[in-house]
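Mapping of the sequence shown onto this note's numbering: residues 878 to 1203, in sequence order.
Just so it is clear, CB atoms sit at the ideal spot from N, CA and C, and this is done for glycine as well.
As the structure is a computational prediction, the values presented were derived from the model and not from experiment.
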Amino acid sequence: MTNLADDLRQAADAVALLGSSSADLAALPDAEALAGQKRIACARRLLDTYAALMAATIAERSRPELGHSGLAAQQGFLSPEALIQKWTGSSKGDAYKLVAVGTMMADTEAADKLVEEALSTLSTPDAGADADAVDVAAFVARVPWQAPIARAVTAGTLSVDAAESIRAGLGQIDAAVTTEKLRVALETLLTEASTLNADEVFKRARRMRDLLDEAGIAAREKQAHDDRYLKVYRLSNGNVRLNGLFAPEDGEFVLSTFDSITGPRRGGVRFVDAERAAWAKKMQDDLRTTEQIAADSLVQLLKIAGEADPSRVFGGRRPAVRVIVT
C-alpha cells in the first residue's frame, strides 16, 4: 500500500529539480524535457487524487438532508460542485468529476474497511465460522463494482480524468447490464487504460457499454440527439455569445469543419499543391488567434449559406445587419 503523502512529496521534489523559470526548462536537453513532463504529470495526478478526496469530503458535508447547515449552503452555494468550482476556478465539468471520482473512492475505502474488519473477526479462534462467512459475504457484496477504478486512482496507476471516463462510459447497472458484466468489462478496460488517454478511455468504455447493451444503443442515440441545443444571446456590452451541444455525428462534422479551417495552425497536413500550400502558409502567418479565426470562419460560413439558397434555411429572407453611424 503506497503512502499518498510520501508519493506527493517525492513527486513535488522531482519537479522542483527541473528549475524554477522558463529559461531553466528551455535549457533542458530533449530527453530531460520529456522526462520532466512525465514528472509533472505524475505530480499532477497525485494532486488530482487529493483534490478528488477533498471534493468527496466537501460533498459529504454538503448532503441535501443537512439543509442550510451543510457546508456548501453555509458558504452560499446550492451544491458542493458549485462551491468547488468557485474555490478552484475550474469548470462545472471538472468540479462534477472531482466529486464523482472522490465519492467513488471514499465509498470503496469504507467498503474495503468493513470487509477487512469482517475478515479479521473471522480469523479469531472463538469465531463462528459459518455465521461470520455469511457476514463477510454480505460485506463483500456491498463493495461497489467501480471499486477497482477507485483503487487504481489511489495506487497512482489511473488518473482522475481516466477514472471519470471509465465511470461515465460504462454507465450504471440496469436490467440488461448486470454488476457481473460491468466488472468483467472493467477488468478488461483497466488493463488497456495505461496506454490510452482520457478521451480514448471514454470511447473504449462507451463501446464496451454498447456491446453489453446493444438493445439500448438506439435509446442512447435518441437521447444524445434530443439533448442537442444552440443558445445565441446578446451580452450587456453588445457582444453575442454562443453555447451549444451537438449529437456525436453532427458534432464530429462541426469539429471536422473547423479542423479543416484551422489545421495549418495546429500542425495539420503538409500540402503538395502550390495553391493549398500558399493558403496554409497564409493561415500560419495570420495575426489572429486560432479561436478568432474559428469565430470569423463561422460568420463567413453563415454568410455563404445565406447567399447560396436563403429559401431553404432562412425562409426566403437573407440575414442582414443595419449599422447606423452618426
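query = Taking C-alpha atoms, which residue in A1101, R1084, S1174, A891 lies nearest to F1135?
reply = S1174
ask   = Which word fits I1050, buried or exposed, when buried means at least 16 other C-beta atoms lie within 10 angstroms of its C-beta?
value = Counting Cβ neighbours within 10 Å, I1050 comes out exposed, since fewer than 16 surround it.
query = Counting only beta-carbon atoms, is G1115 nearer than 7 Å to chain C?
reply = Reference to chain C is not applicable here, since this structure consists of a single protein chain.
request  = Would you please state the rounded distance, in angstroms, between the beta carbons of I961 and A972? I believe it to be under 8 Å.
outcome  = 4 Å
ask   = By DSSP, does R1165 sit in helix, in strand, or in coil?
value = coil
Ranges of the beta strand (DSSP E) found wholly within the stretch 1109 to 1160, counting only runs of at least 3 = 1117 to 1122
message = Judging by CA-CA distance, which residue of Q951, L1119, L1047, Q1100 is the nearest neighbour of L1107?
response = L1119
key: Spatial distance of A1095 from E1069 (CA atoms)   = 27 Å
key: Among K969, R940, V1061, nearest to A851 - alpha-carbon criterion   = The chain is shown from 878 up to 1203; residue 851 falls before or after that span and cannot be answered.
ask   = Can you give, in chain order, each stretch of the beta strand (DSSP E) that sits fully within the stretch 1017 to 1042 and has at least 3 residues?
value = none
query = Q914 lies in the alpha helix (DSSP H); which residues open and close that run?
reply = 907 to 937
ask   = Mind checking M878: buried by the 16 CB within 10 Å criterion, or exposed?
value = Low confidence applies to M878: its pLDDT is 46, below 50, so where it sits in the model is not reliable enough to give any reading.
message = Classify P1141: buried if its beta carbon has 16 or more other beta carbons within 10 angstroms, exposed otherwise.
response = buried
query = Nearest to R1028 by CA position, among F954, D1038, E986, E1041, is which residue?
reply = E986
inquiry  = Which residue marks the beginning of the alpha helix (DSSP H) containing S899, and which one marks its end?
reply    = 899 to 903 is the span of the alpha helix (DSSP H), which, as asked, contains S899.
request  = Using a threshold of 7 Å, state whether the C-beta atoms of V1078 and T926 are closer than that.
outcome  = no
ask   = Helix, strand or coil for L1047 per DSSP?
value = helix
Residues near P1125 in its chain [Cβ-Cβ closer than 7 Å; skip 5 each side] = A1101
ask   = Can you give the Cα-Cα distance for L1067 and A1154, rounded to whole angstroms?
value = Between L1067 and A1154, the C-alpha separation is close to 43 Å.
inquiry  = In whole angstroms, give me the CA-to-CA distance for S1032 and E1057.
reply    = The identity of residue 1032 in the sequence shown is Ala, whereas the question assumes Ser. Here the alpha carbon of A1032 sits roughly 23 Å from the alpha carbon of E1057.
request  = Please state if the CB of G1128 and the CB of R1086 are separated by a distance shorter than 7 Å.
outcome  = no
task = Look at the Cβ atom of G929, then the Cβ atom of G979, and state whether they are nearer than 7 Å.
result = What sits at residue 929 in the sequence shown is Ala, not Gly. A contact, by the Cβ cut-off of 7 Å.
inquiry  = Considering Cα atoms alone, identify which of L881, A936, E993, A959 is closest to V1020.
reply    = E993
inquiry  = Looking only at its chain, what residues have a beta carbon closer than 6 Å to the beta carbon of A983, apart from the 5 residues adjacent to it on each side?
reply    = A933
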